[in-house]
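Colleague: According to the working numbering, the stretch in the sequence shown is residues 736 to 1090, in order. Where a beta carbon is used, it is the ideal one built from N, C-alpha and C, also for glycine.
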Amino acid sequence: MSTLIERRDIGKTSADHEDRFFRGPHKCVDRRFKRPHDGGMTGWRRRASGIVAVMLSALLVGACAGELGTRVSTAGSQAPPPKAVSVQEYGATLAGAIDPLESAMKGLANAKAYKGLDDRVAAVETAAARAVTELSQVTPPAELAGGHSQLDTALEAFHGELGNVSSQVGDRALCTGSAVRAGLGDADATSALREALAALSAKLPGDRPVLRLPPAGQEGGSRPPNGKLLRAGNTGGRSELTIGNGGSADAVVTLSKGRRPVISVYVRKDKTYTVKSVPDGSYSVFFTGGSGWDGRARAFGHDCAFSRFEDPLEFRTTRDAAGGLHWVNFTITLQPVAGGTARTEDVNPDDFPDR
């Protein structure tokens, strides 16, 4: 993407720049052959052959009948139904299935920005799948059968919802831990799981399993004003950086030295802002855009994108022979423009500097 980057040498007096087979049953066949009469020994041999043929036919019929009898006997056998566990045993099984899910949910609660978010969601999804498997293999006592069935159904739905969330994180439609938890909190599957677990746990003696699910109705953070400095590192330079955001989403622009961010500023869509007093140095320019600003994560919660300018910006202040000072100001645009002299590229979120 080409964007506009304008460099202006500024003199001392200027100050404002903007992964099956089936074996079938054996087939029994009785074949009889007729030969012309030739008398004497030949007739005797013919009769002897007839005796052998009859004996072989009898053996084959017996073998088929024996095989058929075996097959009928096997088909008639049945396994006994599984034995129901006691209420106490069921409670222990339930806790063993729910505890790993609770632990994974704690990990998700600590997630902030996009880095590592997919791994935390995957951990919750895996724990939910294991809980579904473990509970599907237990036969509850009669008094808990209804609640068990309700919980099993709710857990399967919750696992399915987590699959949807995982896809949204992969597509960067959800970008922060808060956005993921808010979406889960409002999901019908989460509400059904909360109610099913509470109803079943109320019938269990002793300690009951704990599963802290995100609440419904969580509100997002407020949108910062244009020009809000999210990080203001060393200042005191003479140079300025003017940022034009003509894109369709708000953005955060970060000047970074390697992976270390120095200055980060929030620029709203269709707005311009000038960062003043930029210190001399070579800076990589990163920018991220999206919606649903998450103040806790200092990142966009929805529809996030991560980019950077291919070439760094070199801010320098020099002095001429007469003692006059000269410095460089830059103007960049975050959207493609005709005649733009700078190119941008997408960035792996793991390589994006912290704001």
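By how many angstroms is the C-alpha of Ala819 removed from the C-alpha of Ala862?
Modeller: C-alpha separation (whole angstroms): 25 Å.
Colleague: Around the Cβ of Leu919, are there at least 16 other Cβ atoms within 10 angstroms (buried) or fewer (exposed)?
Modeller: With a threshold of 16 other beta carbon atoms within 10 Å, Leu919 meets it and is buried.
Colleague: Looking at the unbroken alpha helix (DSSP H) that takes in Arg1108, where does it start and where does it end?
Modeller: Nothing about residue 1108 can be reported from this structure: the residues present for the chain run from 736 to 1090 only.
Colleague: Leaving out five residues on either side along the sequence, give the residues of the same chain with a beta carbon under 6 Å from the beta carbon of Gln1070.
Modeller: Gly981, Gly982
Colleague: My output table needs one value for Tyr825: the three-state DSSP class, helix, strand or coil.
Modeller: helix
Colleague: Between the stretch 964-973 and the stretch 1013-1020, do three or more beta carbon pairs fall short of 8 Å?
Modeller: Taking 8 Å as the limit for Cβ pairs, the verdict is that the stretch 1013-1020 does touch the stretch 964-973.
Colleague: Output needed for Ala1040: all residues of its chain with C-beta closer than 6 Å, excluding positions within five of it in sequence on either side, in chain order.
Modeller: Gly1024
Colleague: Could you spell out where the alpha helix (DSSP H) holding Gly882 opens and where it closes?
Modeller: 880-905
Colleague: How should Val867 be labelled, buried or exposed, when 16 other C-beta atoms within 10 angstroms of its C-beta is the threshold for buried?
Modeller: Burial is judged here by how many other beta carbons sit within 10 angstroms of a residue's own beta carbon; Val867 has at least 16 and is buried.
Colleague: Quick one: what's Lys1006 bridged to in DSSP?
Modeller: Per DSSP, Asn980.
Colleague: Do Ala1032 and Thr911 count as a contact pair if the criterion is CB distance below 8 Å?
Modeller: yes
Colleague: Under 8 Å, do Val945 and Glu837 count as touching if we go by C-beta distance?
Modeller: yes
Colleague: Going by DSSP in three states, Pro996 sits in which element: helix, strand or coil?
Modeller: strand
Colleague: What are the start and end residues of the alpha helix (DSSP H) that includes Asp853?
Modeller: Per DSSP, Asp853 belongs to the alpha helix (DSSP H) from 852-871.
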